[in-house]
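What follows is one structure encoded as structure tokens, with my remarks underneath.
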Amino acid sequence: MDDAEEDVLAYMTFPKEHRAKLHSTNPIERLNGEIKRRTEVVGIFPNDEAIVRLVGALLLEQNDEWAVQRARYMTLETMAQMSDDPQISLPAVAR
Numbered sequence: 002m003d004d005a006e007e008d009v010l011a012y013m014t015f016p017k018e019h020r021a022k023l024h025s026t027n028p029i030e031r032l033n034g035e036i037k038r039r040t041e042v043v044g045i046f047p048n049d050e051a052i053v054r055l056v057g058a059l060l061l062e063q064n065d066e067w068a069v070q071r072a073r074y075m076t077l078e079t080m081a082q083m084s085d086d087p088q089i090s091l092p093a094v095a096r
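Heads up, the sequence shown is in this note's numbering, so the first residue is 2 and it goes up one at a time.
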């Protein structure tokens with residue numbers, strides 16, 4: 002147990018406003034539920050490629066929603082607080 006202390010408490014290094022979001026599985030459970038709902042509507046898929054296309058489209062749609070819902074999820078600005086190095090603090094797409 003003592004050996005795992007650093008791993009167990011790793012989330013404490015994140016900003017305080019992120020901690021509740023880090024230990025919550027609500028976003029992934031919501032996504033899994035949406036995939037299940039949409040695939041049950043189809044019932045039987047004609048081939049593997051059809052289900053990959055549907056699930057891929059759902060994942061792209063969800064990614065777009067998460068990208069614009071800045072207030073609900075962790076923002077680049079609050080993630081930047083975690084590092085003093087400007088090269089590490091923000092992803093390349095934000096520069």
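Quick reminder that beta carbons are idealized off the backbone N, C-alpha and C, glycines included. All values derive from a computational prediction rather than experimental measurement.
| Query | Result |
| --- | --- |
| Within the continuous alpha helix (DSSP H) that includes P28, where are the two ends? | N27 to V43 |
| Between E35 and L59, is the Cβ-Cβ spacing less than 8 Å? | yes |
| Taking the alpha-carbon positions, what's the E99 to I29 distance? | No answer is possible for residue 99: it lies beyond the span of the chain, which begins at 2 and ends at 96. |
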